[in-house]
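Participant: What follows is a single structure, and I will ask about it in a moment.
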Amino acid sequence: MPDAESNAATPYERIGGDVAVRALVERFYDLMEMEPSYARLRAVHAPSLASAREKLYLFLSGWLGGPQLYVARYGHPRLRARHLPFAIGSTERDQWLACMHRALVDTGVPDDLAAQLMPAFFQTADWMRNVEG
Ligand code: HEM
47 MPDAESNAAT
57 PYERIGGDVA
67 VRALVERFYD
77 LMEMEPSYAR
87 LRAVHAPSLA
97 SAREKLYLFL
107 SGWLGGPQLY
117 VARYGHPRLR
127 ARHLPFAIGS
137 TERDQWLACM
147 HRALVDTGVP
157 DDLAAQLMPA
167 FFQTADWMRN
177 VEG
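Reading the sequence shown from the start, the letters are residues 47 to 179 in the numbering used here.
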């Protein structure tokens, strides 16, 4: 019998690897562009989402347990410091989380994996808050 612990797939593997992480991030920013309910979140971003798309993809690869692409290119993410130029309150946090949840659903991530990832996304998004409201 294989040992369940050592054979446990990472979220990166379970989600479907590089192609699936890329698809998730593309869907996330496509939704941010087109859904009025994410307007406050969109407004925090620059007119072009190109660099955000690239960097979130690189970051999530490592964050999900796959290759540390972001760290290899840019070093330690220092996520909270890098988000300080943007006013992020609970509205922006909640829109980020809602947008990500929809992207997970839309790209076919299994429900149990999405349910496992959402609290971890919450922790990270909540830690990025830097204004009241
Ligand atoms: C809480 C709400 C959030 C808001 C409003 C927000 C907004 C932004 C904005 C405006 C940028 C700059 C994009 C650009 O380069 O043009 C950015 C960068 C980034 N965000 Fe967020 N973000 C949020 C949460 C998160 C979370 C939860 C993660 C990770 C799970 C994340 C990961 C990143 C990464 C990796 C970058 C690139 C950092 C860099 O190298 O400059 N963000 N974010």
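Don't be surprised by glycine CBs; every beta carbon is placed ideally from N, CA and C.
Which residue marks the beginning of the alpha helix (DSSP H) containing H147, and which one marks its end?
Facilitator: S136 to D152
Participant: Considering just the uninterrupted stretch of the alpha helix (DSSP H) at V155, what are its terminal residues?
Facilitator: V155 -> no alpha helix (DSSP H), and no H or E assigned at all.
Participant: Which residue from A127, P123, Q169 and R99 puts its Cα closest to that of G108?
Facilitator: P123
Participant: Whole angstroms is fine: what's the gap from F132's alpha carbon to L87's?
Facilitator: 10 Å
Participant: Does the segment 112-122 come within contact of the segment 133-145, defined as at least 3 CB pairs closer than 8 Å?
Facilitator: No, they do not touch.
Participant: Whole angstroms are fine: how far does the CA of G121 sit from the CA of Q141?
Facilitator: 28 Å
Participant: Taking just the CA atoms, how far does A54 sit from M47?
Facilitator: For M47, the predicted structure reports a pLDDT of 46, less than 50, and the residue's modelled location is therefore unreliable. A value from the coordinates is still provided. About 13 Å.
Participant: Examine ligand 1 and report whether any of its heavy atoms sits within less than 8 Å of the Cβ of R128.
Facilitator: yes
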